[in-house]
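Engineer: Numbering (the numbering used here), first residue to last: 12 to 231.
Note that CB positions come from ideal geometry on N, CA and C, so glycine has one too.
For reference, the structure I am asking about is given below.
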């Protein structure tokens, strides 16, 4: 009977849950995209930038990586309002997660590029390739194969970190679940169901990473 009651409440709250799941997926996807793009430039600056640029970017990554995600979320929301940006909860949440993602992706890219033997860069320059040609044709494909598994873990962390956005009023999956529980008091059932949905999202990211890994693998 308890299970049937849960199914009944689940059906009643289906649109609320779907809206929360949609918000979680949207926020996570935007944070991963923008954070990964920014992280590539951070990694390039850490690897090939002038000394001053490397020091500045190193300070950025160390500060962001050492700051709890919740603090970044609160800062993005309240500090942006204080300086006149007036970001809404959704935009502030995406900004905070993208900043956090960029610092981690930057370190991942830096590690992948520095793991490639310098002789390959020298050989590419010796045959007349420019740096951009060397990077796109020689360095990036190899670095991508090395850091892709770690990037998948970072992407999954963004989905889990999105649960913190409820503190600034973003109606993501966790907040919607809490609203449903406040009406029917089925805490265990709905938290378990929300956990299952988070698992499905992260599993989809993991399978996408495996797909890209297969596509970029060197044929044997």
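1) Can you tell me whether DSSP reads residue 167 as helix, strand or coil?
2) Between residue 179 and residue 71, which are expected to be in contact by the criterion C-beta below 8 Å, what is the C-beta distance as a whole number of angstroms?
3) Can you check which of these residues, 124, 187, 27 and 166, is closest to residue 147 by C-alpha distance?
4) Go ahead and label residue 200 buried or exposed: buried means 16 or more other beta carbons lie within 10 angstroms of its beta carbon, across all protein chains shown.
5) Under a Cβ-count criterion, where at least 16 other Cβ atoms within 10 Å of its own Cβ denotes burial, should residue 198 be classed as buried or exposed?
6) Does residue 97 come out as helix, strand or coil in the three-state DSSP assignment?
7) So what does DSSP say about residue 178, is it helix, strand or coil?
8) Measure how close the beta-carbons of residue 39 and residue 173 come, nearest whole angstrom, since I'm counting them as under 8 Å.
9) Can you give me the start and stop residues for the alpha helix (DSSP H) that residue 26 sits inside?
10) Does the stretch 92 to 109 come close enough to the stretch 16 to 32 to have 3 or more Cβ pairs within less than 8 Å?
11) Could you tell me which of 83, 163, 115 and 131 sits nearest to residue 102, measuring between CA atoms?
12) Go through its chain and collect everything with a Cβ distance to residue 16's Cβ below 8 Å, but skip five positions before and after it.
13) Would residue 99 and residue 176 qualify as a contact pair, given that the criterion is a beta-carbon distance under 8 Å?
14) With burial defined as no fewer than 16 other Cβ atoms inside 10 Å of the residue's Cβ, what is the status of residue 183: buried or exposed?
15) Measuring from the CB of residue 88, is there a heavy atom of the ligand HEM at a distance below 7 Å?
16) Assess, as a yes-or-no matter, whether the stretch 107 to 119 is touched by the stretch 128 to 136 under the definition of 3 or more beta carbon pairs within less than 8 Å.
17) What do you reckon, are the CB atoms on residue 75 and residue 111 nearer than 8 Å?
Structural biologist: Checking against the coordinates, here is how it stands:
1) helix
2) With a Cβ gap of about 23 Å, residue 179 and residue 71 do not count as contacting.
3) 124
4) buried
5) exposed
6) Three-state DSSP puts residue 97 in coil, outside helix and strand.
7) helix
8) The Cβ separation is near 5 Å, so the contact holds.
9) 25 to 59
10) no
11) Out of 83, 163, 115 and 131, 83 has the C-alpha closest to the C-alpha of residue 102.
12) 197
13) no
14) buried
15) Only the bare structure without any ligand can be found here, which leaves the ligand HEM out of the picture.
16) No, the stretch 128 to 136 does not touch the stretch 107 to 119.
17) yes
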